[in-house]
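All remarks here apply to the structure that follows.
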Ligand SMILES: [Zn+2]
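Residue numbers (our numbering): 55 to 629.
Next comes the structure, spelled out in structure tokens:
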């Protein structure tokens, strides 16, 4: 953002703090300095560390006034601001307070001249004060020359250094100064300050607009006031959030919320229309993406941080809206979406087709809405499983001797009931059928049981159809199981070799009890279940690649069902 120099000086100079009390957001420094003055414990060298515009040189100047104010016989924590010294220092006209820009006076010659002048007594002030801004810019030789002075400074001399990069200052210098770290000014402190400035300047500014200005200031009082200067140039009766946002070339929060609604509705046309709107209004695509990233990051923060107001620069109202919006995303979806946007940023810079790049990113994010990680899917299924097994069985009991076999032992099919049905009892066609077919095989066996014309397998099929709507989770779990009558009161179930989840689930007594109870109730008499695991094909010995895993997961009936229930695609499989 470019800041016109004229407007820059106006508010920043007019509102430059003249006392410690006027400094915004650096109480930890100003209080310490005031206490040191009161107690007569002032050091000879001070280093103020902080990012641009947080008040480093401002505090150094106030400290210079505190030392030299004529309203008191000694240094005072509250310089008057009206005596000759205070005014001269304020106007940069005091011969004894020298401000040196370290960036343009970085050589040994400049520092030697400084060293020579140090010896000369102050003209009108108590102390000679050297304020060196961006002190880290000095050359090595200049630092060495400065060090000699710092080692044995005359009692009437004080050095105040300011820097944004303290790590570039030699340790020998650092060890001879008191260090004070200034903070990035908090957003709400900047908003409160802007409210005061707006009232004093006699302008009406929407609170939301002040929030945007403070956000643009990015922790710097000076930058915040510079943006406010630009805003005041709008000369509107009431300055609105929309005007300020447009002035900055930013995109309004409402646009991001509208985009959010389109994304969660998987409304591609809606999302593209918003992009079109943004481009038509001349918004910079890069700024738009940065804003969207910030929006998604805010949702990530409200998902994970107990007191998001301490991290986010948001009003209470906007925080609530973010919290509502964040509920519509999983952690993975937010991370993936942010990844997509971060990858898009360098692409935008490299292409003329900026709108297309932007649209592509949004399409990916819409698709990501449909992505569900296998982990989270299984977690949700397992949660449902917990609910399902809470149902008490009414009738029947599954075979007590049932033992699940590990799928890695393909030599013999795992069996199962006290009746110990041989795997051969399973129709060969069923056993050889592709395990992925999520349909129930009904064996053509003779009618059995009191219902005469109904086989148990047919009864299972009828019951299973009802389960599909009544208990989607249970249905997903058992849909791929092939069944056959194993006798008048026994239902034989063949679990496909690759249906590991189904196998593991059926290994749980509760699941078997429930199944037995349900099918028994459906048939009207106790039915025993024989559960057999299908042999894996002998070819499945090669090491699995990630693609194999994804393919296998896709064939897993449970996963298929889950994808159907939740809607999604497989993005990763963990062994
Ligand atoms: Zn004074």
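Quick reminder that beta carbons are idealized off the backbone N, C-alpha and C, glycines included.
Same chain only: Cβ atoms within 6 Å of residue i, ignoring 5 sequence neighbours per side
{"i": "residue 135", "result": "72"}
{"i": "residue 235", "result": "103"}
{"i": "residue 68", "result": "none"}
{"i": "residue 215", "result": "101, 186, 189"}
{"i": "residue 192", "result": "156, 160"}
{"i": "residue 96", "result": "90"}
{"i": "residue 258", "result": "292"}
{"i": "residue 49", "result": "Shown here, the chain extends from 55 to 629; a query on residue 49 therefore has no answer."}
{"i": "residue 579", "result": "none"}
Any chain B beta carbon closer than 7 Å to residue i
{"i": "residue 394", "result": "No chain B is present in this structure, which holds just one protein chain."}
Reduced DSSP secondary structure (H/G/I, E/B, other) of residue i
{"i": "residue 210", "result": "coil"}
{"i": "residue 398", "result": "helix"}
{"i": "residue 49", "result": "Because residue 49 is not part of the residues shown, which for the chain are 55 to 629, the question remains open."}
{"i": "residue 265", "result": "helix"}
{"i": "residue 378", "result": "helix"}
{"i": "residue 487", "result": "In this predicted model, residue 487 has a pLDDT of only 38, less than 50, meaning its place in the structure is not dependable; the value taken from the coordinates is given anyway. Three-state DSSP puts residue 487 in coil, outside helix and strand."}
{"i": "residue 551", "result": "coil"}
{"i": "residue 543", "result": "coil"}
{"i": "residue 414", "result": "helix"}
{"i": "residue 285", "result": "helix"}
{"i": "residue 387", "result": "helix"}
{"i": "residue 145", "result": "coil"}
{"i": "residue 493", "result": "Confidence at residue 493 is low in this model, with a pLDDT of 36, below 50, so the placement of that residue is unreliable and no value is reported for it."}
{"i": "residue 587", "result": "strand"}
{"i": "residue 99", "result": "strand"}
{"i": "residue 162", "result": "helix"}
{"i": "residue 532", "result": "helix"}
{"i": "residue 172", "result": "helix"}
{"i": "residue 372", "result": "helix"}
{"i": "residue 184", "result": "strand"}
Residue i Cβ short of 6 Å to ligand 2 heavy atom set
{"i": "residue 133", "result": "This structure simply doesn't include ligand 2; it includes ligand 1 instead."}
Closest Cα partner of residue i within the set the options
{"i": "residue 218", "options": "233, 208, 526, 209", "result": "233"}
{"i": "residue 584", "options": "563, 578, 94, 117", "result": "563"}
{"i": "residue 317", "options": "268, 301, 331, 387", "result": "387"}
{"i": "residue 341", "options": "366, 586, 249, 395", "result": "395"}
{"i": "residue 109", "options": "140, 203, 204, 277", "result": "277"}
{"i": "residue 549", "options": "586, 284, 579", "result": "586"}
{"i": "residue 329", "options": "313, 97, 321", "result": "313"}
{"i": "residue 213", "options": "81, 201, 243", "result": "201"}
{"i": "residue 163", "options": "301, 223, 113, 194", "result": "194"}
{"i": "residue 123", "options": "141, 113, 371, 588", "result": "141"}
{"i": "residue 576", "options": "526, 509, 565", "result": "509"}
{"i": "residue 367", "options": "242, 336, 208", "result": "242"}
{"i": "residue 384", "options": "406, 74, 350, 227", "result": "350"}
{"i": "residue 422", "options": "375, 409, 321", "result": "321"}
{"i": "residue 70", "options": "207, 255, 116", "result": "116"}
Cutoff 7 Å; reference residue i; Cβ partners in own chain excluding five residues on either side
{"i": "residue 155", "result": "187, 188"}
{"i": "residue 419", "result": "317, 391, 394"}
{"i": "residue 595", "result": "Confidence in residue 595 is poor, its pLDDT being 45 and thus under 50, which makes the residue's placement unreliable; the coordinate value appears in the next sentence. None."}
{"i": "residue 382", "result": "318"}
{"i": "residue 107", "result": "274, 275, 276, 277"}
{"i": "residue 199", "result": "162, 165, 166, 169"}
Within 7 Å, strictly: CB atoms of residue i and residue j
{"i": "residue 165", "j": "residue 196", "result": "yes"}
{"i": "residue 307", "j": "residue 273", "result": "no"}
{"i": "residue 263", "j": "residue 294", "result": "yes"}
{"i": "residue 231", "j": "residue 99", "result": "yes"}
{"i": "residue 377", "j": "residue 356", "result": "yes"}
{"i": "residue 169", "j": "residue 203", "result": "yes"}
{"i": "residue 149", "j": "residue 183", "result": "no"}
{"i": "residue 353", "j": "residue 327", "result": "no"}
{"i": "residue 538", "j": "residue 511", "result": "yes"}
{"i": "residue 245", "j": "residue 265", "result": "yes"}
{"i": "residue 288", "j": "residue 297", "result": "yes"}
{"i": "residue 120", "j": "residue 130", "result": "yes"}
{"i": "residue 365", "j": "residue 78", "result": "no"}
{"i": "residue 303", "j": "residue 348", "result": "no"}
{"i": "residue 345", "j": "residue 398", "result": "no"}
{"i": "residue 543", "j": "residue 582", "result": "yes"}
Distance between beta carbons of residue j and residue i, contact taken as under 8 Å
{"i": "residue 210", "j": "residue 181", "result": "6 Å"}
{"i": "residue 531", "j": "residue 559", "result": "5 Å"}
{"i": "residue 251", "j": "residue 65", "result": "7 Å"}
{"i": "residue 545", "j": "residue 517", "result": "Incorrect: roughly 10 Å between the Cβ atoms, too far for contact."}
{"i": "residue 332", "j": "residue 299", "result": "Not quite, the Cβ-Cβ distance comes to about 12 Å (not below 8 Å), so this is no contact."}
Contacting residues, own chain, Cβ-Cβ under 8 Å from residue i (five flanking each side not counted)
{"i": "residue 146", "result": "153"}
{"i": "residue 369", "result": "261, 262, 265"}
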